[in-house]
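Quick note on the working numbering: the first sequence kicks off at 3 and runs consecutively.
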Amino acid sequence: MQFRFKIVKKSKKSWARAGILETPHGRIETPAFVSVATQASVKSLTPEDLKNLGAEIILANTYHLYLRPGADVIKKAGGLHKFMNWPGPMVTDSGGFQVFSLGWGKVHQIGKIGWFPGYEEVRPPREVGPLKLVKITDDGVEFTSHLDGSKHIFTPEKSIKIQEDLGADIIFAFDECTSPLADYEYTKKSLKKTHNWALRCLKVKKKREQALFGIIQGGEYKDLREESTKFISSLPFDGIGIGGSLGKTQKDMFKILKWITPLLPEEKPRHLLGIGRPEDLENCVKHGMDLFDCVWPTRLARRGTLLIKNGRLNIGNSRYIKDFHAIEKKCGCYTCQNFTRAYLSHLFRAKELLYYRLATIHNLYFTLGLMQKIRKDILVGKL
RNA sequence: GGGCGGUUGGCGGAGCAGCUAACGCACCACACUGUAAAUGUGGCGACCUCUGGUCUUCGGGGGUGCAAGUCCCUCACCGCCCA
Numbered sequence: 003m004q005f006r007f008k009i010v011k012k013s014k015k016s017w018a019r020a021g022i023l024e025t026p027h028g029r030i031e032t033p034a035f036v037s038v039a040t041q042a043s044v045k046s047l048t049p050e051d052l053k054n055l056g057a058e059i060i061l062a063n064t065y066h067l068y069l070r071p072g073a074d075v076i077k078k079a080g081g082l083h084k085f086m087n088w089p090g091p092m093v094t095d096s097g098g099f100q101v102f103s104l105g106w107g108k109v110h111q112i113g114k115i116g117w118f119p120g121y122e123e124v125r126p127p128r129e130v131g132p133l134k135l136v137k138i139t140d141d142g143v144e145f146t147s148h149l150d151g152s153k154h155i156f157t158p159e160k161s162i163k164i165q166e167d168l169g170a171d172i173i174f175a176f177d178e179c180t181s182p183l184a185d186y187e188y189t190k191k192s193l194k195k196t197h198n199w200a201l202r203c204l205k206v207k208k209k210r211e212q213a214l215f216g217i218i219q220g221g222e223y224k225d226l227r228e229e230s231t232k233f234i235s236s237l238p239f240d241g242i243g244i245g246g247s248l249g250k251t252q253k254d255m256f257k258i259l260k261w262i263t264p265l266l267p268e269e270k271p272r273h274l275l276g277i278g279r280p281e282d283l284e285n286c287v288k289h290g291m292d293l294f295d296c297v298w299p300t301r302l303a304r305r306g307t308l309l310i311k312n313g314r315l316n317i318g319n320s321r322y323i324k325d326f327h328a329i330e331k332k333c334g335c336y337t338c339q340n341f342t343r344a345y346l347s348h349l350f351r352a353k354e355l356l357y358y359r360l361a362t363i364h365n366l367y368f369t370l371g372l373m374q375k376i377r378k379d380i381l382v383g384k385l
């Protein structure tokens, strides 16, 4: 099966669409949530767990797997699918997010949407700043490994080469994910670089069976977002990623998507990188997004926050010690069908490994179920 | 009976005259959006007019000193050794 994207239904009420994405390792229904398996593992889960949860597609990370165990190891294993025994569709991120997370993100202790009072005046310098683990040049990025301090140069060419060795169905162009703190000048310069890198990625990509997605940057600046959308859309990418800073609040994110979506080619799948809180997903779909990947459900699960219909439940709170109900009464997940909050509370406090699995199962089930509902709503014309 | 060592907040454990009784664990909250993350931040004696302030506390009692968890005396308890 070759890579193909087909729109099944377009909403009349919004930019939402339901589609089918075909890849060499199977087809998925969109809109879809891509579970994050950074180091070739959705933390605490087996591929079988994922299948039981209804996960159709996962995302692994070039940077992490390049550092450990090494792209050569995975290539020798027969590719990522075989290496981790995941037979379904798979995406790899290019390492572009690490340019941010190990760079400005680490220095300013900020996430890609985050914002804290007092940060208004903190702005990265125009040129390469005092970043600890990342050195950005026009040619590429020198990473200082967060594992052992060794130096590694990533260029667009190298990222693509690694991603070809890993062998995911969808790969991403190497980019610089910009920080919510990046000012206009920095973002503009960075954008030029990312666009140049996008061309270089297209040029060196050889494997036909892999789809390559370009990434739109431009931060929270309208003209830059529009410029980037037009530029990336004009290139022969198989799909479009929307990356970078999406502002400081959820409101900003929707504002930015409103600039972008009307300029996107309709026939290509759109992947909104790194977004995936339950309260974001439906609205992003309405803004024309097809694919989402996010550590939210899995990370929060591990840290004691369980997703429920009306928000969140922090299983670490003392009130759950003797709460013998399921996390959520009507939830159909394995965890809710078989275990109580009291038990999860105990496992969490005792740091029992089973906690991580049960909690992750619940949060992923919740998120994947939400996406299924959203898709259904598009198909019946409700959304 | 004698000698030596010890007793610090729920637990472990620094401090051995002077400034906020360090630090860890446990506990109580909060945060987290292309995973540096089973992580991070704050709180954890009491009270109040709570962005601050007042008082209290290092086994009990007494003493010396401007100042004591810290030095001295004494009692209690714990441990080890001797008889």
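Using N, Cα and C, we set each Cβ at its ideal position, and we do this for glycine too. Because the structure is a prediction, the values reported are computed rather than measured.
K375 and K12 have their alpha carbons spaced roughly 16 angstroms apart. Residues of the same chain with a CB within less than 6 angstroms of the CB of K137, apart from the 5 flanking positions on each side, are E144 in chain order. In the three-state DSSP reduction, A328 falls in the coil class, being neither helix nor strand. Between the segment 16 to 24 and the segment 341 to 359, the count of Cβ pairs shorter than 8 angstroms is below three; the stretches do not touch. Per DSSP, M255 is not a residue of any beta strand (DSSP E); the alpha helix (DSSP H) it occupies stretches across Q252 to I262. For the options W261, F368 and P71, the alpha carbon positioned closest to that of L248 is the one of W261. Taking the Cα of K163 as reference, the smallest distance to any Cα among L67, C296 and R321 is reached at L67.
Where L193 is concerned, the enclosing alpha helix (DSSP H) starts and stops at Y186 to V206.
A straight-line Cα-Cα distance of about 23 angstroms links Y188 and K253. With respect to the 8 angstroms criterion, T362 and S46 are classified as neighbours on the basis of their beta carbons. Non-local beta-carbon contacts of R279 in its own chain, meaning distances under 6 angstroms to residues more than five positions away in sequence, involve W298 in chain order.
P182 and H110 have their alpha carbons spaced roughly 10 angstroms apart. Around the CB of Q219, 16 or more other CB atoms lie within 10 Å, so the residue is classed as buried. Look at A62 here: in three-state DSSP terms it is strand. Short of 8 angstroms from the beta carbon of G56, and not among the five residues preceding or following it, lie these beta carbons of its own chain, in chain order: Y367, L370, G371 and Q374.
Per DSSP, the beta-bridge partners of F35 are F294. Excluding sequence positions up to five before and after E269, its CB lies less than 6 angstroms from no other CB in the same chain. Nearest to K232 by alpha-carbon distance, out of L266, K353 and R321, is L266. Counting along the chain, N54 sits inside no beta strand (DSSP E); it lies in the alpha helix (DSSP H) bounded by residues P49 to L55.
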